[in-house]
Amino acid sequence: MNVVPPGNDLEILLTRESIARRVSELGTQISADYRGRPVRLIGILKGAWMFLADLVRCLDLDVTVDFLSFTSYGEGTESSGTVKITKDLDQPIAGLDVLVVEDILDTGRTFEYLLGVLEAHKPRSLKVVTLLDKPSRRVRSVKADYVGFTIPDVFVVGYGLDCAHQYRNLADIRTIRGCKP
Ligand code: PRP
146 MNVVPPGNDL
156 EILLTRESIA
166 RRVSELGTQI
176 SADYRGRPVR
186 LIGILKGAWM
196 FLADLVRCLD
206 LDVTVDFLSF
216 TSYGEGTESS
226 GTVKITKDLD
236 QPIAGLDVLV
246 VEDILDTGRT
256 FEYLLGVLEA
266 HKPRSLKVVT
276 LLDKPSRRVR
286 SVKADYVGFT
296 IPDVFVVGYG
306 LDCAHQYRNL
316 ADIRTIRGCK
326 P
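The sequence shown begins at 146 in this note's numbering and counts up one residue at a time.
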């Protein structure tokens, strides 16, 4: 059996402390913007699960949570260009204020596709918060409403983000080279 090294020697891009501070700031900002209105968070699996778990505890709002799962990358580092829904919403969102929670906005292909899917459900409003944004990689003209960190064109793992399904459990966000299936 192949054992993958735990990843603690990979270079740190964002420390757990800086992530916690920024998530708390995002929570404060989002709580102020949605004050007095219920909000439905939609987490995009799998990468966003850890960010959502921390963000939701920083929201001083009436919050409900649902999840959607897409695949776009397969197991490599390059977007395949095709996006497929693998888990749909459990609850309707018509007439609701919806906030999509993403871990990373990269080429924008997933984002463009999911906005089209969710808009068809007629929410009252639709916004997106992404922990990480890599604008240099964009091939679709999309923008998140809330961004945790803008990062350069490096492949990152940890805090929910993976390389071939590994390293999601790392508490810091780290860079990795040569990520291959
Ligand atoms: C990642 C990430 C976004 C998408 C962004 O998901 O969670 O959904 O890629 O890439 P794009 O802007 O180039 O479309 P991934 O397909 O790696 O799945 P995972 O979250 O399950 O790891």
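Note that beta-carbon positions come from the ideal geometry of N, C-alpha and C, so glycine has one too.
Note to self: Considering only the alpha carbon of each residue, which of A239, D207, P268 and T275 lies closest to G253?
What the structure shows: Reading the sequence shown from its first residue, position 108 is the one you call residue 253. The shortest Cα separation from G253 among A239, D207, P268 and T275 belongs to T275.
Note to self: If contacts are defined as beta-carbon pairs under 8 Å, then Y312 and G303 qualify, I think. What distance do you get, rounded to the angstrom?
What the structure shows: Against the sequence shown, residue 312 aligns to sequence position 167. Against the sequence shown, residue 303 aligns to sequence position 158. A Cβ-Cβ separation of about 6 Å places Y312 in contact with G303 under the 8 Å criterion.
Checklist line | Contact under 9 Å by Cβ, G192 with D307 | finding: The sequence position of residue 192 within the sequence shown is 47, counting from 1. The sequence position of residue 307 within the sequence shown is 162, counting from 1. Between G192 and D307, the C-beta gap is smaller than 9 Å, which places the two residues in contact.
Margin query: Which of the three DSSP states is assigned to Y291 in this structure?
Written below: In the sequence shown, counting from the first residue as 1, residue 291 sits at position 146. Correct three-state label for Y291: strand.
Notebook entry, point to check: Nearest to V243 by CA position, among K229, S176, L263 and E257, is which residue?
Noted result: For the purposes of this step, residue 243 is identified with residue 98 of the sequence shown, where counting begins at 1. When each option's Cα is compared against that of V243, the closest is L263.
Notebook entry, point to check: Hey, would you say the C-beta of D248 is under 8 Å away from at least one heavy atom of the ligand PRP?
Noted result: Numbered from its first residue, the sequence shown carries residue 248 at position 103. Within the cutoff, so yes.
Next item on the list: May I have the straight-line CA-CA distance separating H266 from L277, to the nearest angstrom?
Entry: Against the sequence shown, residue 266 aligns to sequence position 121. Against the sequence shown, residue 277 aligns to sequence position 132. Between H266 and L277, the C-alpha separation is close to 26 Å.
Next item on the list: May I have the straight-line CA-CA distance separating L204 from I296, to the nearest angstrom?
Entry: Residue 204 sits at position 59 when you count from the first residue of the sequence shown. Residue 296 sits at position 151 when you count from the first residue of the sequence shown. The straight-line gap from Cα to Cα measures roughly 24 Å.
Check: On the three-state DSSP scale, how would you describe V189?
Finding: For this step, residue 189 is matched to residue 44 along the sequence shown. A small correction: the amino acid at residue 189 is Ile; Val does not occupy that position in the sequence shown. Reduced to three states, the DSSP call for I189 is strand.
Item checked: Buried/exposed call for G219, threshold 16 Cβ in 10 Å -> Indexing the sequence shown from 1 puts residue 219 at position 74. At G219 the pLDDT is 49, less than 50, meaning the model places this residue with poor confidence; the figure from the coordinates comes in the next sentence. Label assigned to G219: exposed.
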